[in-house]
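In the numbering used here, the protein residues as written are 93 to 769.
Beneath this line is the structure, given in structure tokens, with notes to follow.
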């Protein structure tokens, strides 16, 4: 305990000697939101986007910037009102990018911008071949009839007719269109001779609704196209995760499934610069969306594949090939943070048995959020921690260290005191050690008492790492005076596949015990007010709040649930990704084999025990966890006479994306805590 207080006192002292203010909602919404784009051809500069919310107009404005890797020479490239993205830098330095549904070109400095594709035609994500004379892009193609097609005399009817699932997905209803990949001739002034490489098919690429440029690409020689698709339709589509990697021959016009036999998600294909290798992320089991992601390496000349990470007890997030074609850089969650790793790949000339070796390159309490690219001696990425929004960094390959490139929010950070963050190992009820992040108020004084918030993560298999959220912001929570307790409970990645998989079929079991163990351990500390602890969370985290409300035995004084699952039976009958419900819950509620699971893990079965104030938040366009889940929970609390509030966003889905809605969300979140905690 003495060592603990000494460490905290150092943290407090180090932060009290600098800035004066604490983070608040206004400062949070003023932060520049950085995301990566690409590198310059000479590897000397990196391009990135900065988005800023326009609160009055209720939208975001995103422009593209460039900066040298040494952190000098930052320039704004695009200035138009809107959102420019998907930047491609041509060999001569000129630029291509997506803007308002069209492809635009400009000089290297962003001057002389012009649209090179016609208005009214859809050009979504695009990629060029290495010769820069061919382009791939995606576009919606009509393949089904609408009700207006079926009944021409009913043109004003808004009715929809469905014969199978998916009839809706995440936040949108199915329509007559699917997304296809097109190839076309390209010059800096035009796109012509377009050809749909999926003509006649009723399948999507990119995958809907969340696919993008990672779903298709050219081979290194430009003769083939690799793309991701799940070529099943209707209800089987809602039951399966079996996407595949397809190879399309440009000259022959033929398509081959090169991942045939791999049963789970196969996604994110990437090609080595020498054209010898194709790699992608692969999950082994159909229906398990959070299965271990392995690196599958495919030798293009021999059509042989191997699983590089078969014996590695962790899951891969993203990757790029090294410039020398001898290894792959990838990210993975490791003990509560997301880090950069490297794995070697076989040499085509070697006759000896190949054994892959994995090295962890970055270490520390931060996340390597997204890999942007590689130069001869650096891997460039975005980095976050619980006190800092994304910034550009690079890993110096020769020096084995990390270097900051940007500090775009320095003016804001200079005004505020940072929050001390501690990593604690807490013993669970089954005698395991659980890594738990503790975030303290900036002016933390261990001689005082503070209210605490238990953060319940969603997913249910999404990491509690050093991420930076503009809504579920630990820095803001702590700056409001709450100690944040964020456990890496059962089901989260970064602690081995066994820990990760223990959530499946046991939603209300050990994971709930893990949460309560974290609270019981922390509330013994003298600076936590054990009578003022709340629990908050979204999605599965919202489910956790509803579950804890019925089993917490008066540990908590208040609850906040966002888009949580309240009644698993009604949720099974109204959600859309049935593979998820079948795998994570076990199966359908009417099957005798699974009825005990519904009895044990359904929050509604513990509703009689509810006695604690609760704020319920839900989006009307959330088809993953439909709005009635939140309405049922709120109605229960109201009928039982429990202090409760329902915040409803009819124009939002599972996430709150519009600026004014986001501000309202935070105002209601903290108003509730002020009233009840």
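For every residue, glycine included, the Cβ atom is placed at its ideal position computed from N, Cα and C.
What you are looking at is a predicted structure, and each value in this text was computed from that prediction instead of being measured.
What whole-angstrom Cβ distance do residue i and residue j have, given they're in contact under 8 Å?
i	j	result
residue 195	residue 215	5 Å
residue 362	residue 278	Not really, about 21 Å apart at Cβ, beyond 8 Å.
residue 430	residue 461	7 Å
residue 186	residue 280	6 Å
residue 711	residue 746	6 Å
residue 126	residue 482	5 Å
residue 545	residue 649	Their Cβ separation, rounded to whole angstroms, is 11 Å, which puts residue 545 and residue 649 out of contact at 8 Å.
residue 315	residue 343	7 Å
residue 587	residue 576	About 20 Å; that fails the 8 Å criterion.
residue 692	residue 600	6 Å
residue 713	residue 744	6 Å
residue 318	residue 370	6 Å
residue 487	residue 400	Contact doesn't hold; Cβ gap of about 20 Å is too wide.
Can the beta-carbon of residue i be found closer than 7 Å to that of residue j?
i	j	result
residue 320	residue 307	yes
residue 770	residue 668	An answer regarding residue 770 cannot be provided, because it is not within the stretch 93 to 769 covered by the chain.
residue 336	residue 355	no
residue 451	residue 466	no
residue 270	residue 289	no
residue 513	residue 478	yes
residue 698	residue 733	no
residue 521	residue 596	no
residue 660	residue 694	yes
residue 459	residue 543	no
residue 360	residue 373	yes
residue 548	residue 613	no
residue 783	residue 139	A query on residue 783 cannot be resolved here, the shown segment of the chain reaching from 93 to 769 and no further.
residue 327	residue 357	no
residue 338	residue 349	yes
residue 656	residue 679	no
residue 130	residue 181	yes
residue 562	residue 476	no
residue 494	residue 454	yes
Taking residue i as the reference, which of the options has the closest Cα?
i	options	result
residue 225	252, 501 and 310	310
residue 418	407, 448, 405 and 332	448
residue 517	569, 581 and 487	581
residue 179	698, 305 and 334	305
residue 751	250, 146 and 702	146
residue 114	468, 283 and 510	510
residue 584	407, 573 and 357	407
residue 644	370, 663 and 610	610
residue 654	757, 534, 282 and 446	757
residue 763	346, 738 and 491	738
residue 551	673, 398 and 340	673
residue 398	405, 388 and 404	388
residue 523	593, 602, 191 and 275	602
residue 572	533, 591 and 538	533
residue 148	765, 753 and 767	753
residue 323	298, 312 and 317	298
residue 703	485, 717 and 726	726
residue 219	312, 198, 261 and 156	312
residue 128	598, 759, 284 and 485	485
residue 515	507, 508 and 525	525
residue 675	709, 623, 616 and 598	598
residue 592	381, 492 and 456	381
Any idea which residues DSSP pairs residue i with across the strands?
i	result
residue 156	141
residue 410	423
residue 581	DSSP lists no partner for residue 581.
residue 493	488
residue 242	In the DSSP output, where bridge partners are listed per residue, residue 242 has none listed.
residue 480	477
residue 514	530
residue 525	519
residue 637	Paired residue(s): none; residue 637 is not in a bridge.
residue 348	339
Does any residue of chain C bring its CB to less than 7 Å from the CB of residue i?
i	result
residue 227	Absent from the structure is chain C; it holds one protein chain and no more.
Do residue i and the ligand ATP come close, with the Cβ less than 6 Å from some heavy atom?
i	result
residue 710	This structure simply doesn't include the ligand ATP, nor any ligand for that matter.
query = Do three or more CB pairs link the segment 548 to 561 to the segment 414 to 431 at distances below 8 Å?
reply = yes
The segment 281 to 296 touching the segment 221 to 239, judged by at least three CB pairs closer than 8 Å = yes
query = Do the segment 252 to 261 and the segment 667 to 684 make contact, defined as three or more Cβ pairs closer than 8 Å?
reply = Judged by Cβ distances under 8 Å, the segment 252 to 261 makes contact with the segment 667 to 684, as three or more pairs qualify.
key: the segment 523 to 534 in contact with the segment 127 to 135 per 3-pair CB rule at 8 Å   = no
query = Is the number of C-beta pairs between the segment 168 to 179 and the segment 239 to 256 that are closer than 8 Å three or more?
reply = no
message = Closer than 8 Å is the cut-off here; do at least three beta carbon pairs connect the segment 140 to 156 with the segment 114 to 124?
response = yes
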